[in-house]
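**Student:**
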Amino acid sequence: MSIYRRKDLLGLRDIEREEIEAILSTAVPMKDIITRDVKKVPTLKGKSVITLFYENSTRTRTSFDLAGRYLSADTPNLAVSTSSVQKGESLKDTIKTIEMMGPDVLVMRHPLSGAPHYVARNTSMHVINAGDGINEHPTQALLDMYSILERKGRLEGLKVAIVGDILHSRVARSNIFGLSKFGCELRVVGPSTLMPSNIEKLGVKVYTDLKEGIRGVDVINVLRIQRERQQSGLFPSIDEYQELYMVRTEHLSLAADDAIVLHPGPMNRGIEISTELAESSRCVVNEQVANGVAVRMAILYLMLGGGKDEIAG
Amino acid sequence: MKFRQKAVIMDAESIRRALTRIAHEISEANKGVDGVALVGIRRRGGPLAYRLASRIESIEGVKPPVGVLDITLYRDDLTTLGPAPIVHRTEVDFDVADKTIVLVDDVIFTGRTVRAALDALMDLGRPRRIQLAVLIDRGHRELPIKPDFVGKNVPTSRQEIVSVLVEEIDKEDKVVIEEIIE
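Top to bottom, those sequences are chains A and B. With this note's numbering as the guide, the letters of the first sequence map in order to residues 1 to 313. With this note's numbering as the guide, the letters of the second sequence map in order to residues 1 to 182.
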């Protein structure tokens, strides 16, 4: 029996460690499927997974799209930029309209934190949060955890540094919530202006010095500088950021011997990560992309693969 | 649910003899085991496939390749179940194309597991031929599927449960018939 019985996946804050383990272990056979010649199993035939993104994204949406297709689900996409949303339709009406067309899962990205939670409470569809404002991006954190587990063989007790704009990063928050359930030692590294106040309360150590922050760590998760989210005054200049916080190959000598580097993509080479490091075998960014499809397959399977009656709200 | 054991229908010795006979039949039917590979259906078909391969090795001097198939993603009853069942890995490290694949399972009942296994196997490649070996055939087929090699035919009622226990998983070798008492 599977341990994952939720209607929705909204974040990693309120999810149990056992549920995360169920997703990560199910992703292993899913990854086998995407590496073979026939990349399709009939499991979710007759189910549909609709993607609704209120922010730009190609990779996350394509990843969900392929994850659904590999499991034989149909994966239509509602393009917000060309839809009635542009004519002023409310979120609630958009969701109701989609629901009446009958998809089983709604994958949603929205610039407002909490929007998928609101939708989940008001629809019978399963809702997967593909990023809400500066709150959470659970599937990204799960694929990060899978990638770490694949390279390191464990999560328990690892030292992980998350580097960059912590303030605006839903990836950082989901990683913190997820990894802290596995007893990882978590550090956040970045300029103090981009560090949320009271972040220590999430059980992380705060560093404003990159070299100190990555000393001895097993994993460095380099965040993308989201220029679209920067308010004036918080972000130093690109040059200053690059000087103080760009992670370079030579920094690896400060970290643990076999430390790996993650990046959620798309990379700003030469700003938060050097090109040389991005190309090195220690950087797992390409594996992360493949693992993302496997992890999303696992989530869709666990949500839709069983019967309906035993799923708890 | 509670079960009551009604009868032990095979012990370790009779299982051993049945597997030895099936191993002989596989090599006889295929005129040796050139191009033959065994694929066990998870869970208990896996250990049985490995045992058959060892028997075949002692007969033919060649050990056929062995793989293990997880058919969860190919089941036709997923929506009638509770939560989604756990998916395990399929471990078939050889190319199935143009081989004679002997599918191995512990019990054949409705035939639906074998149907799923056939689909799962075909997605790995195009075998030249597929044969089916089971330790127990308990009848009540719902699909036109028939095993090529059978350890023991056991007439049962639909309400009964046939459980094959294997040393590798259950710490003992035995086949029992059980019934649900509540």
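In this text, a Cβ means the ideal position worked out from N, Cα and C, and glycines have one as well.
At a Cβ threshold of 7 Å, is Y54/A touching chain B?
**Tutor:** no
**Student:** For T51/A, which residues does DSSP report across the bridge?
**Tutor:** N77/A and V107/A
**Student:** Between the region 56-66 of chain A and the region 84-95 of chain B, do at least 3 Cβ pairs fall closer than 8 Å?
**Tutor:** no
**Student:** Within 10 Å of its beta-carbon, does V62/B have 16 or more other beta-carbons around it, so buried, or fewer, so exposed?
**Tutor:** exposed
**Student:** Under 8 Å Cβ-Cβ, which residues of chain B neighbour P103/A?
**Tutor:** Result: empty, since nearest Cβ-Cβ is about 16 Å, beyond 8 Å.
**Student:** Could you check the C-alpha separation between T94/A and L106/A for me, to the nearest Å?
**Tutor:** 12 Å
**Student:** Use the C-beta contact count for I181/B: other C-beta atoms within 10 angstroms, 16 or more gives buried, fewer gives exposed.
**Tutor:** exposed
**Student:** Given that A84/B touches chain A, what residues does it touch there, using C-beta distances under 7 Å?
**Tutor:** The answer, in chain order, is S2, Y301, L302, G305 and G306.
**Student:** Between the region 159-169 of chain A and the region 296-310 of chain A, do three or more beta carbon pairs fall short of 8 Å?
**Tutor:** Under the Cβ criterion (8 Å, minimum of three pairs), the region 159-169 of chain A does not count as touching the region 296-310 of chain A.
**Student:** With three or more beta-carbon pairs closer than 8 Å as the criterion, would you say the region 178-197 of chain A touches the region 19-27 of chain B?
**Tutor:** Output reads no: the region 19-27 of chain B does not touch the region 178-197 of chain A.
**Student:** Just to confirm the assignment, what range does the alpha helix (DSSP H) spanning Q288/A have?
**Tutor:** V285 to L304
**Student:** Which residue comes first and which comes last in the alpha helix (DSSP H) that contains P37/B?
**Tutor:** A small fix is needed here, since residue 37/B is Ala in this sequence, not Pro. Looking at the DSSP string, A37/B is not in any alpha helix (DSSP H); the run it does join, the beta strand (DSSP E), is V36 to I41.
**Student:** Express the C-alpha separation of Y54/A and S253/A in angstroms, rounding to a whole number.
**Tutor:** 41 Å
**Student:** Residues in the same chain with beta-carbon distance under 6 Å from M10/B, minus the five sequence neighbours each way, listed in chain order, please.
**Tutor:** For M10/B, where only same-chain residues beyond five positions count, the Cβ hits under 6 Å are V175.
**Student:** Please identify, using Cβ separations under 7 Å, the residues of the region 67-84 of chain B that lie next to chain A, in order along the chain.
**Tutor:** D70, L73, Y74, L78, T79, T80, L81, G82, P83 and A84
**Student:** What is the rounded straight-line gap between the Cα of G233/A and the Cα of P191/A?
**Tutor:** 12 Å
**Student:** On a Cα-Cα basis, can you pick out the residue from Y146/A, H263/A, R282/A and R187/A that is closest to V293/A?
**Tutor:** Y146/A
**Student:** For the region 119-138 of chain B, which residues have a CB atom closer than 9 Å to at least one CB atom of chain A, in sequence order?
**Tutor:** D119, A120, M122, D123, L124 and G125
**Student:** Within its chain, find whatever has a CB closer than 6 Å to the CB of Y241/A; leave out the 5 residues flanking it on each side and keep chain order.
**Tutor:** none
**Student:** Would you mind working out which of R109/A, I15/A and V127/A sits nearest V49/A, comparing C-alpha positions?
**Tutor:** V127/A
**Student:** With 7 Å as the threshold, decide whether the Cβ of E310/A is near any Cβ in chain B.
**Tutor:** In this prediction, E310/A has a pLDDT of 46, which is less than 50 and means its spatial position is unreliable; what the coordinates show is noted afterwards. It does; some Cβ of chain B falls within 7 Å.
**Student:** Just curious, the alpha helix (DSSP H) that Q242/A is in, first and last residue?
**Tutor:** I238 to Y245
**Student:** Do V289/A and V219/A come within 7 Å of each other at the CB atom, strictly closer than that value?
**Tutor:** No.
**Student:** Under 7 Å between C-beta atoms, does R89/B make it to chain A?
**Tutor:** yes
**Student:** With a floor of 4 residues, list each alpha helix (DSSP H) that falls wholly inside the region 133-219 of chain A, ordered by position along the chain.
**Tutor:** 138-152, 170-180 and 210-213
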